[in-house]
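First residue of the sequence shown: 6, per the numbering used here; consecutive thereafter. Yeah, the Cβ is synthetic: ideal placement off N, Cα and C, and Gly gets one too.
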Amino acid sequence: MNTKGKLVSVIVVGGLLSLTAPPAHAHHAFSAEFDAEQPIELKGVVTKLELVNPHSWLYLDVKQTDGSAKNWGFEFGAPFSLKQKGITKASLPVGSEVTIQGYRAKNGKDFGYAVTTVLSDGRSVKTGGAQDAPGAQANGQAQ
Numbered sequence: 006m007n008t009k010g011k012l013v014s015v016i017v018v019g020g021l022l023s024l025t026a027p028p029a030h031a032h033h034a035f036s037a038e039f040d041a042e043q044p045i046e047l048k049g050v051v052t053k054l055e056l057v058n059p060h061s062w063l064y065l066d067v068k069q070t071d072g073s074a075k076n077w078g079f080e081f082g083a084p085f086s087l088k089q090k091g092i093t094k095a096s097l098p099v100g101s102e103v104t105i106q107g108y109r110a111k112n113g114k115d116f117g118y119a120v121t122t123v124l125s126d127g128r129s130v131k132t133g134g135a136q137d138a139p140g141a142q143a144n145g146q147a148q
């Protein structure tokens with residue numbers, strides 16, 4: 006086989022290998038960022054919903070004791086899983102009030118992991134998706 010033939014073989018094999026390789030996402034476990042010893046429950050007004058893989062995010066303004074608002078971000082499960090549970094941009098519009106039950110970030114910043122979200126219409130939805138989150142198996146959150 007000449008040099009040109011070897012190069013074509015390498016390109017074809019390399020291309021086939023890349024088709025079988027798993028995608029590289031910045032995926033992490035619950036325990037990498039969130040603290041199971043710091044449960045939180047916050048009520049706030051939705052400012053943004055990002056339905057993106059591998060984790061969706063909900064942002065809300067939470068009223069502080071001094072009357073100001075602090076914007077919090079909460080990690081949700083994957084968009085497909087949320088859609089199966091009835092969560093869409095229409096079910097969490099900007100300006101709607103929700104209550105989040107979950108866990109605070111280990112670094113103490115204003116974000117957390119949402120286990121359950123109570124929507125403005127009163128529905129309670131399991132919104133987390135991490136398999137290692139507290140109660141995930143019992144609550145049917147495993148994916």
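Taking each of VAL99, GLY127 and ALA135 in turn and checking the Cα distance to GLY107, the smallest one comes out for ALA135.
When secondary structure is reduced to three states using DSSP, SER129 falls in the strand class.
Nearest Cα to LYS48 within the set LYS75, ASP40, LEU56 and SER36: LYS75. According to DSSP, residue pairing for GLU55 in a beta bridge involves TRP62. Annotation: ALA110 is outside any alpha helix (DSSP H); the continuous beta strand (DSSP E) that includes it extends over 102-110. Looking at the DSSP output, VAL99 bridges to nothing. In the structure shown, ALA119 falls within a strand segment according to DSSP collapsed to helix, strand and coil. If you check the CB distance, LEU63 and PHE85 do not come in under 9 Å. A direct Cα-Cα distance of roughly 9 Å separates SER61 from GLY133.
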